[in-house]
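Student: Taking UniProt numbering, the leading residue of the sequence shown gets 1, the next gets one more, and so forth.
We put the CB at the ideal spot given by N, CA and C, even for glycine.
Please read all numbers here as calculations on a predicted model, not as lab measurements.
Pasting in a structure now, in structure tokens, and then I'll have a few things to ask.
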Amino acid sequence: MVQATTHNDNEHSHGDGGGSELMTTASAFNGKTIYKCGDCELSFGSMRDLNKHVRNLSTEKPYQCDVCEKYFPMLRSIKNHMRIHTGERPFQCTLCQKSYSNSGDLSYHKRLHTGERPWKCDVCGKSFTFLPKLKSHMRVHTGEKPFQCEVCLKFFAQASQLKNHVRIHTGEKPYQCDVCKKSFATSTTLKQHTIIHKEKQYKCDVCGKYFARPHYLNNHMRMHTGETPFQCDVCQMTFTLKSHLEKHMKLLSEEKHYQCNVCKEYFSELAIIKTHVKKHAKNKGHPCDVCEMSFTKRSDLINHKKTHTGEKPHPCNVCGKHFLRKSYVKKHMRIHTEEKEKNFKKKPYKCDVCGMCFSHEGYLYFHMRSHPEEKS
């Protein structure tokens with residue numbers, strides 16, 4: 001007869017010293033496997049019958065703990081539970097010497113060393129070390145959310161998710177950073193935060209400031225060098241950061257460049273003004289033969305036709321950009337005049353090679369490294 005001791009995962013609540021635990025003995029005798037109850041010594045011909053027997057035992061809880069007055073269905077369960085109060089941990093892992101209060105927890109722990117994953121998901125094939133982990137995983141496929149917040153009534157798939165969520169209402173932040181003492185609601189957010197302290201290894205040679213990522217340092221260095229690699233396709237203005245260009249483009253999109261020649265109202269898009277001018281089209285003596293828009297004055301029609309030909313006869317003397325009307329050039333020139341005044345006040349140190357300006361002489365010196373052919 002060959003005996004093997006197995007753990008019944010259906011009856012063991014992992015991580016809860018008060019849960020019921022059952023150690024069964026599976027004996028191979030005359031080609032048949034017999035399953036023996038570890039609490040009352042009864043034997044069964046199948047694991048199914050044994051589980052049914054254990055469930056029947058669990059309906060009654062005759063054993064009470066003298067310390068916390070909690071009840072248990074089996075003598076073995078209360079014996080394991082008592083170790084919570086005594087602190088006894090008689091079951092030790094031979095590989096890492098970690099100790100446990102019951103043999104079931106030790107059996108679970110050993111799988112971490114062996115890599116055993118006996119519980120497999122029938123849907124996606126993913127395997128798990130523990131049965132409770134598989135049951136928790138199955139909610140991904142079923143969509144089941146059995147855990148509900150009593151405050152806002154929101155549902156969650158995992159108990160841990162609910163626990164973290166409740167802290168939004170309570171304001172509890174139990175996870176504290178050892179470096180800056182800042183507190184967080186979850187361990188995940190704390191881990192993300194600690195990267196700030198651990199990974200600031202990229203130092204600016206100019207001002208000595210540290211950064212967590214190389215691209216943070218690269219962006220910062222442009223403050224010293226004056227480099228502006230991001231250019232606007234509309235007005236040719238350049239920016240240090242891509243985010244600054246995006247903000248600029250958003251402002252441009254909100255500006256109204258197109259003016260109605262009849263009522264002088266401005267519009268942001270050509271398509272919008274085309275629709276608008278049709279309201280003025282009645283009784284106009286100068287129609288456009290391209291889009292059927294009409295104008296009171298012939299000069300307005302001539303200017304309008306330039307929108308079809310693409311002609312922009314009025315250039316900016318600073319950046320060379322061309323515009324349809326002189327009024328557009330005047331409006332555009334504000335960009336250069338305001339920028340020039342700002343640069344003169346804030347950046348008095350000018351590069352003789354490319355014309356870039358800087359707020360400090362040291363920044364200009366650092367920038368000159370980008371013109372090695374000009375050094376003497």
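#1: Return the CA-CA distance between residue 23 and residue 37, expressed in angstroms with no decimal places.
#2: Go ahead and pull the three-state DSSP assignment for residue 126.
#3: Evaluate residue 155 with the Cβ neighbour count: other Cβ atoms within 10 Å of its Cβ, from every protein chain shown; 16 or more gives buried, anything less gives exposed.
#4: Just how far apart, CA to CA, sit residue 179 and residue 348?
#5: Contact between the stretch 160-176 and the stretch 140-150 is defined here as three or more beta-carbon pairs at a separation below 8 Å; is this criterion met?
#6: For residue 357, count neighbouring C-beta atoms within 10 Å of its own C-beta (all shown protein chains included) and say buried if the count is 16 or more, exposed if not.
#7: On the three-state DSSP scale, how would you describe residue 183?
#8: In chain order, what residues of the same chain have a beta carbon less than 8 Å from the beta carbon of residue 248, not counting five sequence neighbours either side?
#9: Which class does residue 101 belong to by DSSP, given the choice of helix, strand or coil?
#10: Along the chain, which unbroken stretches of the alpha helix (DSSP H) at least 4 residues long are found entirely within the stretch 167-251?
#11: Would you kindly work out how many angstroms separate the C-alpha atoms of residue 218 and residue 112, rounded to a whole number?
#12: Identify which residue in 322, 367, 169 and 48 has its Cα closest to the Cα of residue 378.
#13: From the DSSP output, in three-state form, read off residue 42 for me.
#14: Hey, quick one: how far does the alpha helix (DSSP H) through residue 80 stretch, first residue to last?
#15: Per the DSSP calculation, residue 120 is bridged to which residue(s)?
#16: With DSSP as the reference, label residue 259 as helix, strand or coil.
#17: Look up residue 158 in the DSSP assignment and say whether it is helix, strand or coil.
#18: DSSP three-state call for residue 36: helix, strand or coil?
#19: DSSP puts residue 294 in a beta bridge; with which residues?
#20: Does DSSP put residue 384 in a helix, in a strand, or in coil?
#21: Return the residue from the list 364, 227, 102 and 97 that minimises the CA-CA distance to residue 84.
#22: With DSSP as the reference, please indicate the residues paired to residue 322 in a beta bridge.
#23: Beta carbon of residue 290, beta carbon of residue 308: below 7 Å?
#24: State the Cα-Cα distance for the pair residue 108 and residue 130, rounded to the nearest angstrom.
#25: Give the straight-line distance between the Cα atoms of residue 278 and residue 293, rounded to the nearest whole angstrom.
Tutor: So, from the listed chains and residues:
#1: Residue placement at residue 23 cannot be trusted, given a pLDDT of 43 that sits under 50; what the coordinates show is reported in the next sentence. Rounded to the nearest angstrom, the two C-alpha atoms are 7 Å apart.
#2: coil
#3: Looking at its Cβ environment, which holds fewer than 16 other Cβ atoms inside 10 Å, residue 155 is exposed.
#4: 41 Å
#5: yes
#6: Its Cβ being crowded by 16 or more others within 10 Å, residue 357 is buried.
#7: strand
#8: Excluding positions up to five away in sequence, the list reads 232, 237 and 239.
#9: Secondary structure of residue 101 (DSSP, three-state): coil.
#10: 187-198 and 214-225
#11: Roughly 43 Å between the two C-alpha positions.
#12: Given that the chain is displayed from residue 1 to residue 376, the structure contains no residue 378 and the question cannot be resolved.
#13: Correct three-state label for residue 42: coil.
#14: 75-86
#15: According to DSSP, which records beta bridges pairwise, residue 120 is partnered with 127.
#16: strand
#17: coil
#18: Note: residue 36 maps to strand in three-state DSSP.
#19: 287
#20: Because the chain here runs from 1 to 376, residue 384 falls outside it and cannot be looked at.
#21: 102
#22: 315
#23: yes
#24: 7 Å
#25: 6 Å
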